[in-house]
Every structure is written in C-alpha cells, then in structure tokens.
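Student: I'd like to ask some things about the structure below.
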Amino acid sequence: GAGVSQSPSNKVTEKGKDVELRCDPISGHTALYWYRQSLGQGLEFLIYFQGNSAPDKSGLPSDRFSAERTGGSVSTLTIQRTQQEDSAVYLCASSLVQFTEAFFGQGTRLTVV
Amino acid sequence: GQQLNQSPQSMFIQEGEDVSMNCTSSSIFNTWLWYKQDPGEGPVLLIALYKAGELTSNGRLTAQFGITRKDSFLNISASIPSDVGIYFCAGRGNAGGTSYGKLTFGQGTILTVHP
Chain D
418 GAGVSQSPSN KVTEKGKDVE LRCDPISGHT ALYWYRQSLG QGLEFLIYFQ GNSAPDKSGL
478 PSDRFSAERT GGSVSTLTIQ RTQQEDSAVY LCASSLVQFT EAFFGQGTRL TVV
Chain Z
13 GQQLNQSPQS MFIQEGEDVS MNCTSSSIFN TWLWYKQDPG EGPVLLIALY KAGELTSNGR
73 LTAQFGITRK DSFLNISASI PSDVGIYFCA GRGNAGGTSY GKLTFGQGTI LTVHP
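Residue numbers (this note's numbering), protein chains in the order written: chain D, 418 to 530; chain Z, 13 to 127.
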C-alpha cells in the first residue's frame with residue numbers, strides 16, 4: 418500500500434505473555450520511528466531507526482522492550498512479559514531522512530489483561 | 013537531548029473563535045512540523061516549515077518558523093467542530109550519531125470546540 422501499515426490493529430494479551438507488533442513503512446523510507454501513546458496523552462518516543470546506522474534506543478522504557486528492522490524495511494516491536502502498564506496505542510512512522518515529513522500508521526492498540 | 017515544550021496543554025473554545033498554540037525548543041531546529049491526530053487515528057501532517065521566519069498557510073491554518081529557530085506557532089482561524097483533536101509540533105535539529113535526522117515531538121495540545 419501507499420501508507421504506513423501496522424498490524425495487528427488491536428491486540429489483547431494476558432499479563433506475562435510476549436507480543437510482537439509489526440510496522441511496514443512506506444517503500445523507500447529510510448527512517449522509522451516507534452512511539453507509544455496512552456489514552457489522551459502525548460507521543461512517547463521509543464526507538465528510531467535511520468538507514469543502516471545503529472538505532473536510537475534511548476526511549477525504550479525497559480529491557481522487556483526491543484525492536485528490529487530487517488532489511489531496512491519492516492520493523493517488529495517486541496514486548497516480553499507484558500505488564501498492564503504496557504497497555505497503550507503503539508504508533509509507527511516513517512520518513513525519508515533528507516525530507517523531514519514523517520507519516521504515521523494507524524497504530525496498534527495493545528490491551529494487557 | 014533536544015526537548016520541545018508545547019503549550020497550552022488543552023484548549024476549550026467556542027466555534028468560530030481563533031486558536032493559537034506554540035512550541036519552544038531548548039536548541040536550534042532546522043525544520044518544524046505540525047500534526048493533527050483525530051481520535052483512534054494516527055497523527056496526520058498539517059504543515060511543514062523549513063526556513064527561519066517562514067510563514068505558511070493551509071486553508072484556515074497558519075504556521076510560522078520562529079526567527080530564532082527555537083520556536084514555532086500554529087494558528088487556526090474561525091474554528092469549526094471538526095478541528096477537535098490533538099495537535100502536535102515536531103522538530104528536527106542538528107543532532108548527530110544515532111539521533112541524526114530524528115524528529116522530536118511536543119507533548120500535544122488537546123483542542124475542544126463547542127458548537
């Protein structure tokens with residue numbers, strides 16, 4: 418598709434289980450971001466990938482969170498041993514580094530019960 | 013690291029009123045972007061600014077890139093109910109290393125418009 422695609426759109430998981438969230442960026446976009454947003458709140462930066470450079474992981478809240486970007490395209494955000502406080506909308510965005518507009522996906526709503 | 017302060021945090025206005033919100037940065041930015049997020053959706057780009065002093069309009073929206081390169085504002089004129097949502101500013105500075113090209117977002121302004 419033409420836009421950023423995230424899957425699943427909704428995920429309900431039991432506390433303690435691992436989850437994987439997927440992001441398909443716009444084709445050719447070298448930069449990819451993950452953000453977390455609690456209900457009615459701002460965007461909490463998690464991780465930033467830029468081309469083949471080492472990612473900026475400074476926003477990951479704990480070592481239960483990790484992300485990969487395979488082949489410079491698709492990215493997977495993994496949350497291990499989920500906790501209730503992990504419940505939020507996880508947003509992915511991509512951009513061409515030399516052009517600064519970032520385009521967002523619809524997000525994945527994660528609910529940990 | 014780079015930080016953005018966005019204000020106000022929330023606004024409650026009557027339909028037809030004008031709205032103004034702004035962002036300030038602790039460091040110089042080369043680009044400012046303004047986004048709007050509707051409920052249940054991802055943020056959508058409204059306006060992009062690339063030069064200090066630049067003033068850009070998009071319909072009822074007007075945004076400016078501050079001359080100091082450390083601030084930007086967004087104005088909405090003659091607000092309507094569909095303007096409701098969360099507005100975010102974002103900027104890109106001169107950070108290097110793993111933060112090269114990284115966008116930094118403000119905390120958002122929640123706008124409520126009463127008919």
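Virtual Cβ for every residue (Gly too), placed ideally from N, Cα, C.
Under the three-state reduction of DSSP, which class applies to G97/Z: helix, strand or coil?
Tutor: DSSP places G97/Z in strand when its eight states are reduced to three.
Student: With a threshold of 8 Å between beta-carbons, can V489/D be considered close to chain Z, or not?
Tutor: It is worth fixing the name first, because residue 489/D is Gly in this sequence and not Val. Not closer than 8 Å to any Cβ of chain Z, the Cβ of G489/D fails to qualify, so no.
Student: Hey, quick one: how far does the beta strand (DSSP E) through Q454/D stretch, first residue to last?
Tutor: Start and end: A448 to Q454.
Student: State the beta-bridge partners of N17/Z as determined by DSSP.
Tutor: Paired residue(s): T36/Z.
Student: In chain Z, what lies closer than 9 Å to Q501/D by C-beta?
Tutor: Within chain Z, no residue comes near Q501/D; the closest Cβ sits about 21 Å away, beyond 9 Å.
Student: In terms of residues, what are the limits of the beta strand (DSSP E) holding K48/Z?
Tutor: Per DSSP, K48/Z belongs to the beta strand (DSSP E) from T43 to Q49.
Student: Roughly how many angstroms lie between the CA atoms of I9/Z and R104/Z, to the nearest whole one?
Tutor: Past the boundaries of the shown model lies residue 9/Z; chain Z is included only from 13 to 127, so the question cannot be answered.
Student: Taking CB distances under 8 Å as the criterion, tell me whether S38/Z reaches chain D.
Tutor: No, no contact with chain D.
Student: Please confirm if Q467/D has its CB atom under 8 Å from at least one CB of chain Z.
Tutor: Yes - at least one Cβ of chain Z is within 8 Å of the one on Q467/D.
Student: When you compare each of G468/D, L449/D and K434/D to G420/D by their alpha carbons, which one comes out closest?
Tutor: Closest option to G420/D, Cα to Cα, is L449/D.
Student: Please state the DSSP three-state secondary structure of Q423/D.
Tutor: If DSSP states are grouped into helix, strand and coil, Q423/D belongs with the strands.
Student: With a cut-off of 8 Å, does the C-beta of L494/D fall near any C-beta of chain Z?
Tutor: So no, L494/D is outside the interface.
Student: Kindly indicate if chain Z contains any beta-carbon less than 8 Å away from that of S470/D.
Tutor: So yes, S470/D belongs to the interface.
Student: Is E29/Z helix, strand or coil by DSSP?
Tutor: Of the three classes helix, strand and coil, the one that applies to E29/Z here is coil, per DSSP.
Student: In chain order, which continuous runs of the beta strand (DSSP E) of length 3 or greater are located wholly inside the segment 449-504 of chain D?
Tutor: For the segment 449-504 of chain D, whole beta strand (DSSP E) runs of length 3 or above, ordered along the chain, are 461-467, 482-486 and 492-496.
Student: For a cutoff of 8 Å on Cβ pairs, would you count D441/D as touching chain Z?
Tutor: No, D441/D does not count as interfacial toward chain Z.
Student: What residues in the segment 449-460 of chain D bring their beta carbon closer than 8 Å to a beta carbon of chain Z?
Tutor: Listed in sequence order: Y450, Y452, G457, Q458, G459 and L460.
Student: DSSP state of G103/Z, grouped into three classes?
Tutor: Of the three classes helix, strand and coil, the one that applies to G103/Z here is strand, per DSSP.
Student: Output the distance between the C-alpha atoms of L508/D and Y452/D, rounded to the nearest integer angstrom.
Tutor: So the alpha carbons of these two residues sit roughly 5 Å apart.
Student: Nearest to I122/Z by CA position, among G52/Z, L58/Z and K48/Z, is which residue?
Tutor: Closest option to I122/Z, Cα to Cα, is K48/Z.
Student: Under 8 Å between C-beta atoms, does D435/D make it to chain Z?
Tutor: So no, D435/D is outside the interface.
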